[in-house]
Amino acid sequence: MDVAVIVRLLGAAAGPGRWVMDERDDVGIAVARQLRDQAGGGVVTAIAVGGGGLELRRALALGADRAVMVEGGGDDAGAVAASVLGGRAEVVVAVVEWTDAAPARRAERLAERLGRPLVSFASSVGVDGSSMVAVRPADDGIGDVEVRCPRPVVVTVTAAAAAVPTLTYAALKSSREAVVERLVSPDTASRPVVNDQGAPLRRRELVHDDGQAHRRILERLREVSGGHRPCAVQVGRRVDPVPERALAGARIIVAAGRGLDDTGFATTQELARLIGAALAGTGPTVDAALLPASRLVGQSGTTVAPAVYLAVGVSGAGQHLAGLSGAGLIMAVNHDPAAPIMAAADLAVAGDAQAVLSHLVQAVTSIRHSP
Ligand SMILES: Cc1cc2nc3c(=O)[nH]c(=O)nc-3n(C[C@H](O)[C@H](O)[C@H](O)COP(=O)(O)OP(=O)(O)OC[C@H]3O[C@@H](n4cnc5c(N)ncnc54)[C@H](O)[C@@H]3O)c2cc1C
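The sequence shown begins at 1 in my numbering and counts up one residue at a time.
Set out below in structure tokens:
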């Protein structure tokens, strides 16, 4: 089975006139190899658009069989589809992170042009007969589902989708001899299929909890579950919640602050488990040993980049907000509408943390149990 991987070339990081392959795309190569091997063989082609060319040798050193640099046609994925793939690759892989709006949209455009389904934000992928199987976020944003999609298909994967093989000096050295093919793309006169701007995430909103605010949280969660073109056959089964998800690469993070008592903290843990979120904490929750230091978000801890950050009983001190620069949608629950986190949040819920959390857990439990 032939697999194509779209890789990105970064200019600025390498200095004037130099380009490097985005290291995040190493995952894409690993996923492509995995799919090819599961299918019993085939060709993995790494494709980049624009840029220099030699940088694609990294992809060859990581195990791609072929590297193609497409020149012209901008970075329009449609050009890649039309001129390079020609419909041969059964699976086209692109790597995305949650806040990566542009590459995600390019994959949508590519799928649109090829007339193929798109499975987006897959955290695991595999081959089963003539289908591709994957785990992706449920459409309602709550946890993950298994999908089965007939090939050919386009898939965007997150960093969780494969372990990246170590890049050895020997592999890099031998890839220096390898040929990077060049291909001049025909002028595809960019035909926008999907609006590049995407939906604006920042929609500031203050809601006073009247017993229903949890519904608004669930609605906003659903909005960021990631667009995808449905498969002709999509059989979804909710994947069991993972007990402890790492902060790195998490799609959703729920942060617990000092405003939570013991019951509130336990309910937050339960919510995180149910929605497939990673649990994070503030300085005081870590100081109180409720969470390990590895879960601290902020200036003295980790900077995170989830699609959704839900802060509960967190004031939003500057040292904490410093760790949220990469977050997509920020939601907060605090009984003080004037707390700094409420001004930083896209959805600020003014209300008692325990009440909102209990309603959320009840609602999510019934969604998870619905067919
Ligand atoms: C050098 C230095 C580095 C630091 N680094 C970090 C860091 O990396 N990360 C970090 O997080 N902190 C860091 N801190 C600590 C930081 O200054 C704050 O003290 C901390 O972030 C506050 O944590 P908190 O929001 O959980 O608690 P608090 O500030 O006490 O806030 C608790 C919030 O809960 C709300 N609340 C109370 N009861 C309820 C209820 N029933 N329902 C709803 N809301 C309720 C309150 O209104 C309040 O806003 C650092 C401090 C220093 C000095």
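A virtual CB, placed ideally from N, CA and C, is assigned to each residue, including glycine.
Taking DSSP's pairing of strands, which residues face residue i in a bridge?
{"i": "Asp128", "result": "Ser131"}
{"i": "Gly281", "result": "Ala256, Leu296"}
{"i": "Thr45", "result": "Ala4, Arg66"}
{"i": "Thr156", "result": "Ala94"}
{"i": "Pro137", "result": "Asp144"}
{"i": "Leu9", "result": "Met21"}
{"i": "Cys149", "result": "Met132"}
{"i": "Thr302", "result": "Val297"}
Looking at the secondary structure, which residues open and close the beta strand (DSSP E) in which residue i lies?
{"i": "Ala272", "result": "That residue, Ala272, is in no beta strand (DSSP E); its alpha helix (DSSP H) goes 262 to 275."}
{"i": "Glu181", "result": "181 to 184"}
{"i": "Ala348", "result": "347 to 350"}
So, for residue i: in the same chain, excluding its five sequence neighbours on each side, which residues have a beta-carbon less than 7 Å away from its beta-carbon?
{"i": "Ala161", "result": "Val27, Val31, Ala122, Ser123, Ser124, Val125"}
{"i": "Ala327", "result": "Val304, Ala305, Pro306, Tyr309"}
{"i": "Ser131", "result": "Arg148, Cys149, Pro150, Arg151"}
{"i": "Asn195", "result": "Here the model assigns Asn195 a pLDDT of 35, short of 50, so the residue's position is not dependable, and the following value carries that caveat. Excluding positions up to five away in sequence, the list is empty."}
{"i": "Val164", "result": "Asp26, Val27, Ala30"}
{"i": "Pro243", "result": "Arg273"}
{"i": "Gln269", "result": "Leu279"}
{"i": "Ile275", "result": "Ile142, Gly143, Ile252, Val364"}
{"i": "Thr267", "result": "Gln354, Leu357, Ser358, Val361"}
Which stretch, first to last residue, makes up the alpha helix (DSSP H) that contains residue i?
{"i": "Val95", "result": "First-last for Val95: 91 to 95, but that is the beta strand (DSSP E), not the alpha helix (DSSP H)."}
{"i": "Ala61", "result": "57 to 61"}
{"i": "Val361", "result": "353 to 369"}
{"i": "Leu221", "result": "213 to 223"}
Enumerate in chain order the residues of its own chain whose CB-to-CB distance from residue i is below 6 Å, with the five nearest sequence positions on each side excluded.
{"i": "Pro337", "result": "Ala350"}
{"i": "Gln197", "result": "With a pLDDT of 40 at Gln197, under the threshold of 50, the modelled position of this residue cannot be trusted; read the value that follows with caution. Closer than 6 Å at Cβ, skipping near neighbours: no residue."}
{"i": "Ser175", "result": "Arg57, Leu60, Ala61"}
{"i": "Gly127", "result": "In the sequence under discussion, the amino acid at residue 127 is Val, which differs from the Gly named in the question. The residues are Leu35, Gln38, Ala39."}
{"i": "Ala64", "result": "Ile29, Val44, Ala46"}
{"i": "Leu347", "result": "Glu205, Arg220, Met331"}
{"i": "Gly236", "result": "Val145, Val147"}
{"i": "Ala159", "result": "Val27, Gly249"}
{"i": "Leu360", "result": "His214, Leu271"}
{"i": "Val133", "result": "Gly126, Arg148"}
{"i": "Val180", "result": "Gly53, Leu56, Ala67, Met69"}
{"i": "Gln319", "result": "Gly298, Gln299"}
{"i": "Ala48", "result": "Val7, Leu9, Leu56, Met69"}
Report the three-state DSSP secondary structure of residue i (helix, strand or coil).
{"i": "Met342", "result": "helix"}
{"i": "Ser120", "result": "strand"}
{"i": "Glu205", "result": "strand"}
{"i": "Leu35", "result": "helix"}
{"i": "Glu177", "result": "coil"}
{"i": "Glu71", "result": "strand"}
{"i": "Val20", "result": "strand"}
{"i": "Leu54", "result": "helix"}
{"i": "Gly88", "result": "The sequence given here places Arg at residue 88; Gly does not occur at that position. Three-state DSSP puts Arg88 in coil, outside helix and strand."}
{"i": "Arg238", "result": "strand"}
{"i": "Val286", "result": "helix"}
{"i": "Leu110", "result": "helix"}
{"i": "Ala170", "result": "helix"}
{"i": "Asp26", "result": "helix"}
{"i": "Arg245", "result": "coil"}
{"i": "Arg105", "result": "helix"}
{"i": "Asp163", "result": "For clarity, residue 163 is Ala in the given sequence; the question names Asp instead. Correct three-state label for Ala163: coil."}
Given residue i, which residues of its chain have a CB within under 8 Å of its CB, disregarding the five upstream and five downstream residues?
{"i": "Asp352", "result": "Asp209, His335"}
{"i": "Gly281", "result": "Ala255, Ala256, Gly257, Leu290, Leu291, Arg295, Leu296, Val297"}
{"i": "Leu10", "result": "Trp19, Val20, Met21, Asp22"}
{"i": "Leu321", "result": "Gly298, Pro340, Ile341, Ala344"}
{"i": "Pro284", "result": "Gly257, Arg258"}
{"i": "Val356", "result": "Asp209, Ala213, His214, Ile217, Val312, Val333, Val349"}
{"i": "Phe265", "result": "Ala256, Thr285, Leu290"}
Scan the segment 306 to 344 and note each continuous beta strand (DSSP E) run of 3 residues or more that stays entirely inside, going in chain order. With a minimum length of 3 residues, the continuous beta strand (DSSP E) runs that stay inside the segment 306 to 344 are 308 to 312, 329 to 334.
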